Each structure stands twice: as C-alpha cells, then as structure tokens.
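Asker: Dropping a structure here in structure tokens format, bear with me for questions.
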Amino acid sequence: NQRFNNKVVVITGGGSGIGQTAAVRFGSEGAHVAILDLDMVGAQATQMLIEAAGGNASVYECNVGNAEQVNNVVASILKERKIDILINNAGIAHIGNIEATSETDLDRIYQVNVKGCYNMMKAVIPSMKEYQSGVVLNLASVASSVGIEDRFAYSMSKGAVLTMTYSVAKDYIKDGIRCNCIAPGRVHTPFVDNFLEKNYPDDKEEMFEKLSKSQPIGRMGKVDEIAGLIVYLCSDEAAFITGSNFPIDGGFVTL
Ligand code: NAD
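The numbering used here numbers the first residue of the sequence shown as -2 and each following residue consecutively.
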C-alpha cells in the first residue's frame, strides 16, 4: 500500500521549503529519496526527517547550475540505483524590475533556475529512456505565465521552466517519460520568512498579514498543499498526465 515502494526519487533543493516537505512525503510512502542541495545542513535535516518517518534517503552536495557537479552526482546515483522520478525544485528568486536587474543578476538566476533544470534533465533522461519509463516534475510558478510585479529575472526564468517542460514532454512521450510542471502562487516557506526578516525586521508580522491578504484566497499556500500535488503527479494515479502545467495558487492567476 506504499505508493512509491522500490521507486527512487531525485529531488533538487530538498533541504528546505517545498522540496523538503515533498521529499519527506516520498520517503514516508516507500521511496528512496536522493536529496541534492547546496545546503548540506538542510539536506541532512530532510534525511533525518525521512528516516524518522521510516524511510530512507541519501544526500548529495550539488550546485544544479554546475553541469559537471550534476553529471557526477547523477552518475554516482545511477551506479547504485535506477532513477524513477526527478523533481527539479531548486530555485532562487531575485527582486527587481528590468532596470533593477543587472546582467550579473540575470545570469545568476538563469544559471540556477533554467540551466539547473536543463542540467538535471539532460543528465537523467538518457537512463529513463533506457528503461522506457520515468517521471519529471518541474517547479514553475505563477510567474511563468503572467509574470510577477518586480520579479523580472525570476519571471523570465520560470517562463523557460514552463516551456522546457512542454518541449521535453513532447520529445520523450514515446519513451514512456512523463513531464509536467506545477505553478505555485505564494507559498509560506523559509524564503518568505527570510525575505521579511531582511527587509522588514521591525514589522514582519504586519507585512506577513499584508502579503497573505493580497492573495485572492486571503492567505499563502502551505508547503503540504504543494507537496500533495507534486506527489500525486509523480504517482501512477497520474499516468495519463503529461505535458501539463498545474496552477496551485489560491486563485492568483485567474481570479
Ligand atoms: P527554499 O528557498 O525554501 O528552498 C530552495 C532550496 O534549493 C534550498 O534548500 C536551497 O539551498 C536550494 N538551492 C538553491 N540554489 C541551489 C543550487 N544552485 N543548487 C542546488 N540547490 C540549490 O525555496 P521554496 O520556496 O521551497 O521554493 C522551491 C521551488 O518552488 C523554487 O523553484 C521556487 O522558485 C518555486 N516556487 C516557490 C514559491 C514560493 O512562494 N515559495 C512559489 C512559486 C514557485
């Protein structure tokens, strides 16, 4: 009755926020979870949470923006196991409109959010092809389709994540590989808390309320709500779903 028994899930950015919660869900439902992150403290915390839930996990220090590191880590996972599921979750944000975005900022965001996703898919897809099965799930954003105010580089990068997803889904459908993405609206993760702490140290509760109330549904998303969709899309119940983008945004895009 464990949905992911004998499955291997590779998740980037599994040391925090949405990725951590999703990793724990996969681990507690029988998967072996390979956590790739820059932050080893976070990744090891996720590993401990998975083990406490009776699952098993391994951790790898890896900058997804660095192709050589990605190739080495993926090769060492593949030496021991077949990769069934890849979650491209690692991502970074940048605040600013186009005038406030330097070329260096743009390149940094592109390197992680776009090339990170590219590097991982490029490293993992050949083995999925060999087995004629696999699932790839990418973290896009509401920014992918409608942009977010004052998030020029981030919106650009997440737009690319959405279209890379469609492209990969089309090219590999014949190889039994499903590829989808989800587009969360604002979700309460350490990223939000750090942002408020840094920019509004004296009135962070007030700003948190303001941000929450500015969502159509009146609050931010919870990591569990996002992880639930991720896990569903990677399960066999979603076998008919590929080449799709799933908004999960409390009405942000349409209401
Ligand atoms: P988070 O900041 O809590 O966690 C991101 C994790 O990725 C961290 O553990 C970080 O160390 C890791 N990471 C960052 N750069 C990396 C790199 N180069 N290589 C490897 N690991 C790296 O983030 P989150 O809020 O949980 O977001 C997860 C994903 O969801 C991101 O792609 C983000 O863009 C997307 N998303 C988040 C929100 C939101 O409101 N939180 C909304 C829409 C989409």
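Backbone N, C-alpha and C define an ideal beta-carbon position, used for all residues, glycine too. Keep in mind it's a predicted model, so treat the numbers as computed, not measured.
Can you tell me where the beta strand (DSSP E) with Asp34 in it begins and where it stops?
Answerer: His29 to Asp34
Asker: What are the partner residues of Glu58, as DSSP defines its beta bridges?
Answerer: Per DSSP, the beta bridge partners of Glu58 are Asp34.
Asker: Taking the beta carbon of Val143 as the centre, do at least 16 other beta carbons fall within 10 Å, making it buried, or is it exposed?
Answerer: Burial call: exposed.
Asker: What is the DSSP secondary structure of Val189, counted as helix, strand or coil?
Answerer: helix
Asker: Could you give the residue range of the alpha helix (DSSP H) that holds Thr98?
Answerer: Thr98 -> no alpha helix (DSSP H), and no H or E assigned at all.
Asker: For the candidate residues Asn63, Glu65, Asn60 and Glu26, whose alpha-carbon lies nearest to that of Leu46?
Answerer: Measuring from the Cα of Leu46, the nearest candidate turns out to be Glu26.
Asker: Closer than 6 Å by C-beta to Thr98: which residues in its own chain qualify, once you throw out the five before and the five after it? Chain order, please.
Answerer: Phe149 and Ala150
Asker: Can you grab the Cα-Cα spacing for the pair Ala254 / Asn94, in whole Å?
Answerer: Outside the shown range of the chain, which is -2 to 252, sits residue 254, and nothing can be said about it.
Asker: Could you spell out the range, first to last residue, of the beta strand (DSSP E) harbouring Gly9?
Answerer: Residue 9 is actually Thr in this sequence, not Gly. It spans Val5 to Thr9 - the beta strand (DSSP E) in which Thr9 sits, taken as one unbroken run.
Asker: Given Arg175, which residues of its chain have a CB within under 6 Å of its CB, disregarding the five upstream and five downstream residues?
Answerer: Val132 and Thr239
Asker: Hey, how far is the Cα of Ala157 from the Cα of Ala236?
Answerer: 24 Å
Asker: Note the first and the last residue of the continuous alpha helix (DSSP H) segment covering Ala90.
Answerer: In this chain, Ala90 is not harboured by any alpha helix (DSSP H), its DSSP state being neither H nor E.
Asker: Heavy atom of the ligand NAD less than 7 Å from the Cβ of Asn242, yes or no?
Answerer: no
Asker: Label Ala166 either buried or exposed according to how many other C-beta atoms from any shown protein chain fall within 10 Å of its C-beta, with 16 as the threshold for buried.
Answerer: buried
Asker: Per DSSP, Cys178 forms a beta bridge with which residues?
Answerer: Asn135 and Asn242
Asker: What is the rounded straight-line gap between the Cα of Ala42 and the Cα of Gln17?
Answerer: 9 Å
Asker: Just to confirm before moving on: does the CB-CB distance between Ala44 and Val61 stay below 8 Å?
Answerer: In the sequence as displayed, the identity of residue 44 is Gln instead of Ala. No, the pair does not count as a contact, with Cβ atoms beyond the cut-off.
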